[in-house]
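So the protein lines, in turn, are chains A and B. So for the first sequence, the numbering used here puts the first residue at -11; every next one is plus one. So for the second sequence, the numbering used here puts the first residue at -11; every next one is plus one.
Protein chains: 2
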Amino acid sequence: MKQSITNSPVENQAEIADKISASEIYRLQAEICRTLSDPVRLQIIDNLKDGECTVSELVDNIGLRQANVSQHLAVLRQAGLVLTRRQATTIYYRLSYPQIVEACQITRQILIDQLSQGSRLVAINTL
Amino acid sequence: MKQSITNSPVENQAEIADKISASEIYRLQAEICRTLSDPVRLQIIDNLKDGECTVSELVDNIGLRQANVSQHLAVLRQAGLVLTRRQATTIYYRLSYPQIVEACQITRQILIDQLSQGSRLVAINTL
DNA sequence: AGGCTATATTCGTATGTACGAATATAGCCT
DNA sequence: AGGCTATATTCGTACATACGAATATAGCCT
């Protein structure tokens, strides 16, 4: 088993990346992207971009069943993209990496560009 | 500073977005992210980040079968993320939106951050 | 035309995942 | 303890998709 990376204070990113094969990097990066490839989770991230939200707030804002929102929160948690804080029975969610919002903004901007060029209209009209 | 798309005479991005429901925006944005959520396609994008590549070059660089690479190129094409140019029997691929590279860099940076924090190690070791 | 090369598509299958429904856990309150 | 609220998990099913294998298309060349 590879346990070598456990607690290494001095290693820089290149060193860390070197311990993992390039294909593993792509695979893990793809996992992060897959986590972003759901409309509900994108909406959750949008809700969290300015700070914490409770699950109830997310359920209200998104308009899906609580269990379903919770499922998506579990996916985001497992991907390490959100963190939680408990206060009594209420759980607050926040983004682990606020930079994720920038990545989403880029993809949304690309979508807007596609729409304004009309290259996406066919897909929209046929769906 | 975003330059408005050259041949869309009147509509600005907000107007275009308004014509589509917010949930449709999220759905389409999720489609773009889903296109990025495959290791092979991320590698293709990486190969295209500095300019055009032929299919053969991609096949050689990636090391998968031609048919498989071509399938992934079809996914990227259908998502509108790549454009092609033909020269004789050779087809050159390029990125439609070079900004996609930035989005990928952000997700990769998040992954590196996760790895350096150790929050991803469990996932790596158990996979 | 026929053959060669470059690239694309179809088909079958195995695997992943979103959703609804139901159930479970956890903390607070009286 | 029991009940109430907030959140999480499990299960079944329907649907999507990546891959390999095989086949198809398209352009060049002699």
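Built from N, CA and C at the ideal position, the CB exists for glycine as well. Keep in mind the model is a prediction, meaning the values are calculated, not measured.
Check                                                                                                                                        : Outcome
Residue-chain proximity (residue 18 of chain B, chain A), Cβ-Cβ < 7 Å                                                                        : yes
Three-state secondary structure (DSSP) of residue 52 of chain B                                                                              : coil
Residue 69 of chain B (DSSP reduced to helix, strand or coil)                                                                                : coil
Neighbouring residues, chain B, relative to residue 38 of chain A (Cβ below 9 Å)                                                             : What residue 38 of chain A touches in chain B: nothing, since even the nearest Cβ is about 17 Å away.
Reference residue 70 of chain A, options A:60, A:45, A:78 and A:76, closest by Cα                                                            : A:60
Residues of the region 46 to 64 of chain A whose Cβ lies closer than 8 Å to any Cβ of chain B, in chain order                                : none
Reduced DSSP secondary structure (H/G/I, E/B, other) of residue 98 of chain A                                                                : helix
Three-state secondary structure (DSSP) of residue 85 of chain A                                                                              : coil
Residue span of the alpha helix (DSSP H) that contains residue 10 of chain A, given as start and end                                         : 10 to 24
CA-to-CA distance, residue 49 of chain A to residue 52 of chain B, given in whole angstroms                                                  : 44 Å
Listed by chain order, chain B residues near residue 41 of chain A by CB distance under 9 Å                                                  : What residue 41 of chain A touches in chain B: nothing, since even the nearest Cβ is about 16 Å away.
Cutoff 7 Å: residue 110 of chain A Cβ touching any chain B Cβ                                                                                : Here the model assigns residue 110 of chain A a pLDDT of 46, short of 50, so the residue's position is not dependable, and the following value carries that caveat. Not closer than 7 Å to any Cβ of chain B, the Cβ of residue 110 of chain A fails to qualify, so no.
Beta-carbon neighbours of residue 24 of chain B, restricted to chain A and to distances below 7 Å                                            : 21
Proximal residues to residue 106 of chain B (C-beta, below 8 Å), its chain only, five neighbours per side dropped                            : none
Proximal residues to residue 47 of chain B (C-beta, below 7 Å), its chain only, five neighbours per side dropped                             : 54 and 57
Alpha-carbon to alpha-carbon, residue 81 of chain B and residue 96 of chain B                                                                : 23 Å
The region 16 to 28 of chain B in contact with the region 15 to 31 of chain A per 3-pair CB rule at 8 Å                                      : yes
Residues that residue 74 of chain B bridges to, as DSSP identifies them                                                                      : B:79
Closer than 8 Å at the beta carbon, the chain A residues around residue 86 of chain B                                                        : Result: empty, since nearest Cβ-Cβ is about 10 Å, beyond 8 Å.
Beta-carbon contacts of residue 100 of chain B that lie in its chain and below 8 Å, excluding the five residues immediately before and after : none
Nearest-angstrom Cα separation, counted from residue 68 of chain A out to residue 86 of chain A                                              : 12 Å
7 Å Cβ cutoff, residue 76 of chain B in contact with chain A                                                                                 : no
Residue 34 of chain B: first and last residue of the uninterrupted alpha helix (DSSP H) it sits in                                           : 27 to 36
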